[in-house]
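Chemist:
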Amino acid sequence: MSDDGFQRNVLAKLLVFAVLVAVVPIATYFITIDRLWHGSTTWAAISAVFAANLVLVSYVIVAFREDAVDSRVQSNSSSKPLGKKQQ
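Position 37 (the sequence shown) corresponds to 37 in full-length UniProt numbering; numbering is contiguous.
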């Protein structure tokens, strides 16, 4: 994969998670305030904070997995190819 393609992939993931961090907590607050907590703004806010943390933890997990895959690819490409012995 080219370096430019890698950078686009990273930027796309960052943008997706940035939108999720903005939308998921607000949506969670307004959905849970009447449907789950029956008007309790405190519990709806706690639900929104939990949702925001869930998105952030998901981003960290995705980043670590991507880093692990990248390190495996680099170690495979830097290893010497097997061939005939030099005499």
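Cβ coordinates follow ideal geometry from the N, Cα and C atoms, glycine included.
Enumerate in chain order the residues of its own chain whose CB-to-CB distance from VAL57 is below 8 Å, with the five nearest sequence positions on each side excluded.
Modeler: Within the same chain, VAL57 has no close Cβ partners at all.
Chemist: Report buried or exposed for SER47, applying the criterion of at least 16 other Cβ atoms within 10 angstroms of its Cβ.
Modeler: Answer is buried; the Cβ neighbour count reaches 16.
Chemist: With a Cβ-Cβ cutoff of 7 Å, do ALA63 and PRO25 count as a contact?
Modeler: In this structure, PRO25 does not lie closer than 7 Å to ALA63 by Cβ.
Chemist: Compare the C-alpha of THR41 against each of ARG8, TYR29 and ASN9 and name the closest.
Modeler: Answer by Cα proximity: TYR29.
Chemist: Taking the alpha-carbon of ALA31 as reference, which of ALA22, VAL73, ALA68 and ALA45 has the nearest alpha-carbon?
Modeler: Sequence check: residue 31 is Ile here, not Ala. Nearest option by C-alpha distance: ALA45.
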